[in-house]
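Single-structure report; data block below.
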Amino acid sequence: MTFRQNAVRTVAVSAATAAIALVTNAVAAADVPPRTPGIMGDDIVQLDNSGPCNGAIHVDFETSAARPGNLSVLLTPRGSFGASPACATSIQVDWINGIAPFTHTLRVPVDNGPTRVDVPTGGGVSLVNVSNFPLRALAISSYVLVP
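Those letters in the sequence shown? Residues -29 to -1, 1 to 118, by mature numbering (1 follows the signal peptide of the UniProt record, and there is no 0).
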């Protein structure tokens, strides 16, 4: 084999190795899934904000190719509401998908700052609604594409 053939082979193997490393890193990292914009924005806002527990809870969505068919709902208090046991609340996540077209529900406490809720939506498009329970608040609702 000539020097030129060895050099070409070495460059090709190096490029392939770099491409595999990039794809592996991209697959392992969390990703923001495509979704429709929420009409009321991305914050759960209490309708009665007169008490000592004020502020919104910000909602983000994440997916990971390492966990197909799962959606992570990230809940981040932007005030005292949900940030401490004294201002605890329950968040309800409802979703409807094409695999089992009826409402599924998870309720989780938010009482100590940021909270992650893993939702087994299955792959495809799901209607996801995130609301406060039982207090009255503006909810987040979006169609989310989950790989």
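For each residue, glycine too, the CB sits at the ideal point set by N, CA and C.
Contact between the segment 55 to 69 and the segment 89 to 107 (3+ Cβ pairs under 8 angstroms): These segments touch.
Residue environment, Leu(-8), which counts as buried when at least 16 other CB atoms sit within 10 Å: Bear in mind that the predicted position of Leu(-8) carries a pLDDT of just 37, short of 50, making it unreliable; the figure below should be weighed with that in mind. By the C-beta density criterion, Leu(-8) is exposed, having fewer than 16 other C-beta atoms within 10 angstroms.
Between the CA atoms of Ile67 and Val99 - distance to the nearest angstrom: Annotation: Val99 to Ile67 spans about 7 angstroms, alpha carbon to alpha carbon.
Length-filtered (3 minimum) beta strand (DSSP E) runs lying within the segment 49 to 91: Those beta strand (DSSP E) runs which fall completely within the segment 49 to 91 and span 3+ residues are 60 to 68, 75 to 81 and 86 to 90.
8 angstroms Cβ cutoff met for Val3 and Ile111: Not closer than 8 angstroms, so no.
Assumed close pair Ser113, Thr7 - CB separation to whole angstroms, cut-off 8 angstroms: Your pair Ser113 and Thr7 checks out as a contact, with CB atoms roughly 5 angstroms apart and the cut at 8 angstroms.
Residues bridged to Ile111 [DSSP beta-bridge criterion]: Answer is Val101.
Three-state class that DSSP yields for Gly95 in the structure shown: Assignment of Gly95 by DSSP, reduced to helix, strand and coil, places it in the strand class.
Same chain, Cβ closer than 7 angstroms to Asp19, five either side skipped, listed in chain order: Residues of the same chain with a CB within less than 7 angstroms of the CB of Asp19, apart from the 5 flanking positions on each side, are Arg107 in chain order.
Ala71 beta carbon less than 8 angstroms from that of Gly50: Taking 8 angstroms as the cut-off, the Cβ atoms of Gly50 and Ala71 do not count as close.
Local Cβ density within 10 Å of Ala1, reported as buried at 16 or more and exposed below that: Result: exposed.
Best match in Pro118, Cys24, Phe73 and Ile10 for proximity to Asp82 [C-alpha to C-alpha]: Comparing Cα positions, the closest option is Cys24.
CB of Ala88 within 8 angstroms of CB of Leu46, strictly: In the sequence under discussion, the amino acid at residue 88 is Val, which differs from the Ala named in the question. In this structure, Leu46 lies closer than 8 angstroms to Val88 by Cβ.
Distance, Gly40 Cα to Leu109 Cα: Straight-line Cα distance between these residues: approximately 27 angstroms.
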